Structures are given as structure tokens and as C-alpha cells.
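Report on the following structure.
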Amino acid sequence: MKENSYKNVINNLLIENTEESVSKLVGIYKDIDFRKEYMLYDEDLLYCYIAVCVYRIEKAHNIFNHILSMGHDLKCITGLICRLKFLIWRIEFGDGACGVNEMLECIRRNKLSGVAVEEIINQVSFDKENVYKKIAAYGE
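Just so you know, we're using my numbering here: the sequence shown kicks off at 7 and counts up by one.
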């Protein structure tokens with residue numbers, strides 16, 4: 007399959023938003039050849055991989071309203087993960103309070119689980135402990 011074909015299939019599976027479609031999506035990302043030949047060279051496929059990793063952890067925690075259950079398409083998943091990444095970096099490297107406010111609003115708006123937020127922080131931050139401390143300090 008070619009990159010655009012993969013993207014179309016993945017996009018359709020995300021939009022379909024059933025247990026079967028999510029299972030097929032996870033299966034695609036388990037394919038090492040797909041990851042080596044396509045995913046590594048495409049931003050949307052990479053960000054979706056982060057969402058798939060988050061989903062697998064949410065599933066292990068029996069979270070039913072998981073990151074892939076929203077019926078978002080590939081571009082929305084990319085936008086969500088990318089937005090959170092930049093907000094986390096803003097907390098980590100810059101204006102913590104403003105970044106925390108925006109991140110909390112993004113989490114509320116997208117109805118993300120705590121497990122999803124934790125995993126995204128773990129994957130995108132350079133110093134996750136520092137990020138957690140800044141978020142905790144914001145609440146004091």
C-alpha cells in the first residue's frame with residue numbers, strides 16, 4: 007500500500023469510530039514495515055501513532071471515552087496532539103501559568119482522560135518532572 011492509501015484507510019478508520027475500526031487501526035500501527043516505510047516520513051501518521059499509543063494505555067486502564075473514540079479524522083488527531091505538544095513545551099520552557107491555563111482548556115474541550123494527558127506529557131516533554139511540577143505549582 008502507498009502512503010496516501012494508508013492515510014485514507016487510517017482516516018476512514020478514525021472516522022468510522024467503532025471497536026472494529028480501532029482494532030484495525032492498531033493492527034496497522036503494529037506492522038513494522040508500515041512504521042519503517044511510511045509512518046516515519048509523514049507527520050500525520052506519526053502524530054496518529056502517539057494517539058494509538060495513548061489509546062492502548064487508556065484501554066489497559068479501562069477508559070472507554072479514549073482518545074480515538076471521538077470520531078476525529080487524521081488531521082484533527084494531528085492538530086490535537088500538536089497543540090498539546092506546543093502547550094506542554096510552553097509550560098516547560100516559557101510562560102508556565104498561561105500555558106497551563108491553555109492546556110487545561112484544551113483538555114476540557116477535547117474531554118481527554120488523565121491517562122491520555124500523562125502519556126502525551128511523557129512522550130513530548132524533555133523534562134517531564136519539571137512539567138508536572140509547574141502544573142502542580144499552578145494549582146497551589
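From the three backbone atoms N, C-alpha and C, an ideal C-beta is built for every residue, glycine too. Quick caveat: nothing in here was measured; it's all calculated off a predicted structure.
Cβ-based neighbour list, S131, same chain, cut-off 8 Å, excluding 5 preceding and 5 following
The answer, listed in chain order, is I94, W95, E98, V137.
Cβ neighbour criterion (16 or more within 10 Å) applied to E125:
Result: buried.
Using three-state DSSP, classify N17 as helix, strand or coil.
Helix at N17.
Below 8 Å between beta carbons: does that hold for D50 and K30?
The criterion of a C-beta distance shorter than 8 Å is not satisfied by D50 and K30.
Where K13 and D133 are concerned, what is the direct C-alpha to C-alpha distance, given to the nearest angstrom?
A straight-line Cα-Cα distance of about 32 Å links K13 and D133.
Quick one: any contact between the stretch 110 to 124 and the stretch 35 to 47, if contact means 3 or more CB pairs under 8 Å?
Counting C-beta pairs with one atom in each stretch, the stretch 110 to 124 and the stretch 35 to 47 have fewer than three that are closer than 8 Å, which means they do not touch.
Exposed unless 16 or more other CB atoms sit within 10 angstroms - verdict on I38
Counting other Cβ atoms within 10 Å of its Cβ, I38 stays below 16 and is therefore classed as exposed.
Buried or exposed, going by whether 16 or more other CB atoms sit within 10 Å of the CB of F40?
It counts as buried.
Beta carbon of I83, beta carbon of Y53: below 8 Å?
The answer is yes: Cβ separation under 8 Å.
Contacts around G33, its chain only, beta-carbon distance under 6 Å, and the 5 residues preceding and following it disregarded:
Excluding positions up to five away in sequence, the list is empty.
Is DSSP giving G100 helix, strand or coil here?
In the structure shown, G100 adopts coil according to DSSP, grouped into three states.
Pair within 8 Å by beta-carbon distance, L118 and I69:
The Cβ atoms of L118 and I69 do not sit closer than 8 Å to each other.
Three-state class that DSSP yields for T24 in the structure shown
Shown here, T24 sits in coil according to DSSP, grouped into three states, outside any helix or strand.
Among I21, N128, N10, M76, which residue has its Cα nearest to the Cα of I56?
Taking only the C-alpha atoms, the option nearest I56 is N128.
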